Structure formats: structure tokens, C-alpha cells
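Chains as they are written, first to last, in the working numbering: chain C, 519 to 678; chain X, 519 to 678. Heads up, the beta-carbon is just placed ideally off N, CA and C, and yes, glycines get one too. These numbers were taken from a predicted model, which means no experiment stands behind them.
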DNA sequence: GCTTGAAATTTTAGGCTTGAAATAAATACC
DNA sequence: GGTATTTATTTCAAGCCTAAAATTTCAAGC
């Protein structure tokens, strides 16, 4: 039994080291994407994320749906959509029958801009994950599902 | 050859999907750690990161060493160390022979506070990565080394 | 029709982050 | 010794982010 406890202890340290490495890797990739978005396109990751979400829903998303989907605060989305709207990339559309709500949608200009961004984004990721085979990816994907499952359980547990 | 191109195309999409899943998982874990630090200890991740770095270097780190190590800006570290200093967790020590530089060190109080945090942190990670075996971790670790190697190469390439 | 509570959104105060400008001190060169 | 460059750090302006408060509208119950 002493051996088991010792192994558990070692596993805990091993997991911690992996987490730190994982965080470093992901932060590094994210930093490069932010850099590319800024230097090559004059935009930012939060703006890209909002446009990406809206691109998936051509009929638009309510502000609250957007913030839930992106897992950021309502107030945060307000500011980003404000900017994108000023630039003519996003449009706020009134929801018929509910004067409280508004739907944010990409304009044609916004859609075109996003498609350009998305194509480059995919290329960047492809280069950054160079050397990852389909098998590598499948293996990691199933491990990540464990983490995501845990997270979605927690969410529903925290729901009021 | 058409098949090869098609496979490449598919791999690119697969990598993109993995990246999105990886990002979601890591962000979820990070969010929980931030929540725990705030709710259980009244502190934040950036503060924990600074204390963690200083804990590894008992003789202290210069402000610039600290920002390089943590990969954040100089100005950022200034503000965080300011706060930690006000609270008596960190000390700024003059560097003999260079009146420009200062070394930040944990105070005994800071060291004790960090050790408490670090122990909990390890437990949180252990729970969040529940189900990850030593073999899983070893496999992922070698894949991540690919990413990290690429990142360190880029850094040295970007050095002036 | 009023009132009460819930829902959608914006506003606000405060912390984190960056890149760039400013300051001050050390170093190198002549 | 004097000037220019580099180095260490802080300050600053602006964007991002959150949680909480405020605002407006809707919906239910009476």
C-alpha cells in the first residue's frame, strides 16, 4: 500500500508538469495567432472569435447567446460588437416581438473579411501543429474529451 | 497525387478541430484555477505565476528576468510586484553595483503563502486531469515537445 | 390595469495586458 | 573626460475582461 500511495504522489507531480507544459504550448500558439492577426490583418483574437461565432450562425445571434457561446461576459461582447459595428463588419438587428433583444449578424463585408481571416488561421494552425499525425490527433482528442466532459458536468452542476 | 492533396487538406481541417478542442479544454481548466484562486485564496493567476517564479529562485530575480521568464511585458510585472510588495509578500532588493536594477524576492510570509497555494494548485490539477495515466501523459508530452521546440526556434530566429 | 419578478442588454469600476515613450544609469568609444 | 548607445525599469494610453449595478422590456398573477 505504501507503494500505491507513492505512485499516486508521483502521478500527481507528473500531471502537474504536463499541465505546465500544455499551458506553455497553448499559450505560445495563441500568442503567435494574436501576433499574426495583429501584424497581418490589424485585428485581434476576441474580434476574430466574435466574427467566427457569427459566421456559424448566418441568421445572427442574440448578444446573450453570443456571450454564452464564447464563454465571456455580456459586457465584454457589447464592447467588441460596438467596434465591429462601427467598422461595418457587424450589424445589430432588432428582434421582432422583443424590444429588449438584438441580434448581431455579419454584414457581407464582415463575412468576406472573416473568410479571409479563417483561411489564414487554418494555415497557421496547420503549420504550428506540423508533425502531428491523424493518429496523434485522435489519441489526444479522446483524452481531451475526458476533460471537456468533466467541465460540462460541472457547468450543469453549477446551474441554478 | 490528387489523393495526397485531399489527405493533406483533410489533415489540415483535423488539426484545426483539434486546436479548437485543445483551446477549449485548456481555457476551461485555466478558468477553474482562476476561480479557485479567487474564491479560496483571494488572489489571481498572474500573482500566483509571479510568486511561483520567485519561489524557484530563492535569491530573487531582476524585474526583467521575471518578465522574460513569465513571457509578459516589463510594465506588467511592475504592477504585480508593486501590489505583492505592498502586501508584504515580495521584497525589492537593490542590486549592488547596478543602481538601475532591482531584484524581487519572496519574503518569508510570501514563501509560506506560496507553498500553501502550490499544494492546493497541484491538487486541483490532479483532479482536473483525472483519468490521464502516466502513459497518456508521456505520449502527449513528446507531441508537445514538437510544438515547444518550434516555438523556441522561432524565438531565437526573431532575436535581433 | 398594476405590480412583481425575470430577462436582455448596457454601463461602470477595477484589474490585467501590451507596446511605446520616458527616465535613469551603465557601458563603449573616441 | 565627453558623447552615444545600450540596458533596466517605470509610466502611460488603450484594449480586453469581469462582476455587479442600472436600465429597459416582457410576462404572470391578481
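Over the uninterrupted alpha helix (DSSP H) stretch that includes residue i, give me the two end residues.
i              : result
residue 646(C) : 626–646
Looking at C-alpha atoms only, which residue of the options is the closest neighbour of residue i?
i              : options                        : result
residue 616(C) : 580(C), 562(C), 648(C)         : 580(C)
residue 664(C) : 542(X), 565(X), 568(X)         : 542(X)
residue 619(C) : 561(C), 636(C), 582(C), 573(C) : 582(C)
residue 565(C) : 576(C), 537(C), 661(C), 600(C) : 600(C)
residue 605(C) : 614(C), 587(C), 628(C), 586(C) : 628(C)
residue 570(X) : 612(X), 590(X), 609(X), 624(X) : 624(X)
residue 671(X) : 646(C), 658(C), 672(C)         : 646(C)
residue 528(C) : 597(X), 661(X), 650(X), 585(X) : 650(X)
residue 634(X) : 525(X), 552(X), 559(X), 596(X) : 559(X)
residue 592(X) : 568(X), 573(X), 525(X)         : 568(X)
residue 533(X) : 654(C), 537(C), 666(C)         : 654(C)
residue 607(X) : 585(X), 524(X), 578(X)         : 578(X)
residue 589(X) : 550(C), 626(C), 525(C), 584(C) : 550(C)
residue 526(C) : 659(X), 657(X), 639(X), 652(X) : 652(X)
residue 638(X) : 553(X), 522(X), 523(X), 544(X) : 553(X)
residue 609(X) : 642(X), 585(X), 572(X)         : 572(X)
residue 666(X) : 640(C), 656(C), 648(C)         : 648(C)
residue 659(C) : 531(X), 662(X), 536(X), 524(X) : 536(X)
residue 562(C) : 636(C), 585(C), 656(C)         : 636(C)
residue 661(C) : 524(X), 522(X), 544(X), 530(X) : 544(X)
residue 640(X) : 523(C), 524(C), 531(C)         : 531(C)
With DSSP collapsed to three states, give me the class of residue i.
i              : result
residue 567(C) : helix
residue 590(C) : coil
residue 607(X) : coil
residue 577(C) : coil
Quick one: using the 10 Å Cβ neighbour count with 16 as the cut-off for buried, is residue i buried or exposed?
i              : result
residue 546(X) : buried
residue 668(X) : buried
residue 677(X) : Caution is warranted here: a pLDDT of 48 is assigned to residue 677(X), below 50, making its placement in the model unreliable, and the coordinate value is therefore given only provisionally. So residue 677(X) ends up on the exposed side.
residue 631(X) : buried
residue 613(X) : exposed
residue 611(X) : exposed
residue 540(C) : buried
residue 622(C) : buried
residue 644(X) : buried
residue 538(C) : exposed
Inset, instruction - Jot down the residue ranges of each uninterrupted beta strand (DSSP E) in the region 521–572 of chain X, minimum 3 residues, whole runs only, in chain order. - result: Fully enclosed beta strand (DSSP E) runs of 3 or longer: not present.
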